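Following the UniProt record's numbering, the numbering of the sequence shown begins with 1 at its first residue and continues without gaps. Every residue, glycine too, gets a C-beta built ideally from N, C-alpha and C. Quick caveat: nothing in here was measured; it's all calculated off a predicted structure. Here is the structure we will look at.
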Amino acid sequence: MTGKILGYRSKEPVRFYHDWNDKEIEVLNKHLFLTSKPMVYLVNLSEKDYIRKKNKWLIKIKEWVDKYDPGALVIPFSGALELKLQELSAEERQQYLEANMTQSALPKIIKAGFAALQLKYFFTAGPDEVCARIIRKGTKAPQAAGKIHTDFEKGFIMAEVMKYEDFKEEGSENAVKAAGKYRQQGRNYIVEDKK
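Right, dumping it as structure tokens:
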């Protein structure tokens with residue numbers, strides 16, 4: 001097994017080889033090979049090129065990525081524009097984006113990063129705060145509760161769950177309950193995004 005892994009080192013990225021068995025994957029995970037990580041290619045353009053959606057190198061970069069890392073995502077953005085947007089007030093930012101018929105690439109970059117790393121988030125809420133918690137896809141409720149506090153995972157009984165969209169639509173936890181959209185879930189519940 002180790003010979004197979006060592007022999008593979010000098011070839012293409014680890015993520016391209018799909019015939020690893022469970023034991024080999026366990027060994028690979030211990031070594032944290034950079035080439036085993038999914039890739040998202042961010043292409044930093046000038047503000048002008050980003051706004052007009054044109055750059056002489058962008059097509060060539062996309063062709064290279066398609067050839068050497070098929071299926072990987074390429075996201076053009078402008079670091080200069082993102083910096084400028086952060087320095088503006090919310091109102092000025094909106095006006096600037098509308099005037100230039102463009103938008104920030106940050107939401108797309110964040111979503112792509114979450115998707116590539118198999119991450120998602122859920123919200124916890126109490127009387128004083130709302131917090132977004134990050135977990136891996138497929139995480140069950142007790143392990144998600146452990147992200148809040150390790151004692152919560154050990155003593156997990158159930159999760160009280162509602163969709164963010166339902167909360168936003170109904171306006172309060174009590175209204176969500178009254179609408180029958182509030183659920184109690186047990187230990188095998190796999191936490192869903194934005195709940």
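On a CA-only basis, which of the options is nearest residue i? Give me that one, please.
i           : options           : result
residue 190 : 15, 133, 139, 68  : 139
residue 148 : 76, 133, 137, 85  : 133
residue 48  : 146, 101, 64, 159 : 101
residue 160 : 76, 116, 123      : 123
Rounded to the nearest angstrom, what separates residue i and residue j at their Cα positions?
i           : j           : result
residue 173 : residue 109 : 32 Å
residue 120 : residue 22  : 24 Å
residue 187 : residue 142 : 6 Å
residue 86  : residue 144 : 32 Å
residue 36  : residue 19  : 13 Å
residue 26  : residue 150 : 25 Å
residue 28  : residue 63  : 29 Å
residue 156 : residue 146 : 9 Å
Sorted by chain position, which residues of the same chain lie with C-beta nearer than 6 Å to residue i's C-beta, five sequence neighbours on each side aside?
i          : result
residue 73 : 40, 112
residue 55 : 45, 49
Mark residue i as exposed unless 16 or more other C-beta atoms lie within 10 angstroms of its C-beta, in which case mark it buried.
i           : result
residue 78  : buried
residue 154 : exposed
residue 16  : exposed
residue 50  : buried
residue 99  : exposed
residue 127 : exposed
Ordered along the chain, which non-local residues of its own chain (more than five positions away) have a Cβ less than 8 Å from that of residue i?
i           : result
residue 181 : 162, 163, 166, 170
residue 84  : 47, 96
residue 80  : 46, 47
Among residues of its own chain, excluding the 5 on either side of residue i, which ones have a beta-carbon nearer than 7 Å to its beta-carbon?
i           : result
residue 106 : 82
What does DSSP give as the partner residues of residue i in its beta bridges?
i           : result
residue 124 : 131
residue 43  : 76
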